[in-house]
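By our numbering, the letter at position 28 of the sequence shown is numbered 999, and the numbering carries on one by one without gaps. Where is the CB? At the ideal position from N, CA and C, for every residue including glycine. Only one structure is covered here, and it is reproduced in the block below.
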Amino acid sequence: VFADPPYALRELPELPDRVMESRLLKPGALFVLEHGKDQNFSARPDFLEHRVYGSVNFSFFRKAEANK
972 VFADPPYALR ELPELPDRVM ESRLLKPGAL FVLEHGKDQN FSARPDFLEH RVYGSVNFSF
1032 FRKAEANK
């Protein structure tokens, strides 16, 4: 799932929590968030990587697999 919200969105820092805690993603699914350079999500346990393309930043997250 790819999200490109407005960078000035007040709730943007909470967006990964909302997506990961919802039923939008199946376990193991990838979530990509486009955001400004001032956002840092690297401390999250579901964070995979951060990429920069010019002035555009992307953070990648993976929804945890279900416990077996």
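When the beta-carbon positions are compared, leucine 1004 and alanine 1035 stay at least 8 Å from each other. CA-CA distance, glycine 1025 to alanine 1037, rounds to 36 Å.
It is roughly 12 Å from the alpha-carbon of phenylalanine 1032 to the alpha-carbon of arginine 1022. Burial is judged here by how many other beta carbons sit within 10 angstroms of a residue's own beta carbon; proline 987 has at least 16 and is buried. By the criterion of a C-beta distance shorter than 6 Å, glycine 999 is surrounded in its chain by Glu1036, once the five residues flanking it on both sides are discounted.
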